[in-house]
DNA sequence: TTAATGATGTTCT
DNA sequence: GAACATCATTAAG
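Structure (structure tokens):
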């Protein structure tokens, strides 16, 4: 069962608290960002290109792209040619394999590049359907306490509060402005 | 604690 | 040629 519906802005907070496993390794999603079609910060803003083809295909597939030449970033394609960037997980299953892939036990999934490294997500999964292996999903239990704030690392539409996080989680890539200090440690 | 920088490859102008 | 949805490391305050 896939708990997916709606456009990027609806889906991004909806995914907080949902468990994601890739090939049996993963954890609870604690941080996401929404990118909409008419959003200057979105890869889909200027229309279809070879890189963003997945965003213009069927919804609820993977969109994986290379970031800064070194890292992979994992998104869920949403309705209406948007996407949700998965930025952080609370590691739960397969900690050993994650640490081995990461080269150490620190910050296993705190950030989009670290997360894809820990889960072994690469461009090979670009466009892949999410409702079958290696992906596995577990619905959340009730509605978690969700915080919102500006997105990270962009230069356009900087103010839009379309970054979502699990309130107080120590597994965030960065703290949300205005929340209590101490999380996360870097 | 924050700030600066290099690594690295693809995309788009 | 410039920009880029990042990260690890190093240097400074």
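Numbering (this note's numbering), first residue to last: 111 to 296.
Glycine included, every Cβ here is placed at the ideal spot set by N, Cα and C.
| query | result |
| --- | --- |
| Contact check, residue 146 vs residue 118, beta carbons under 8 angstroms | yes |
| Rounded straight-line distance, which links the Cα of residue 157 to that of residue 151 | 13 angstroms |
| Inter-residue spacing [alpha-carbon to alpha-carbon] between residue 181 and residue 211 | 13 angstroms |
| At least three beta-carbon pairs within less than 8 angstroms, the region 271–279 to the region 247–262 | yes |
| Residues bridged to residue 183 [DSSP beta-bridge criterion] | 175 |
| Residue 178 beta carbon less than 8 angstroms from that of residue 236 | no |
| Own chain residues within Cβ distance below 8 angstroms of residue 264, not counting five before or after | 151 |
| Beta-carbon proximity check, residue 136 vs residue 199, cutoff 8 angstroms | yes |
| Contiguous beta strand (DSSP E) assignments of at least 3 residues, all confined to the region 126–176 | 129–132, 135–145 |
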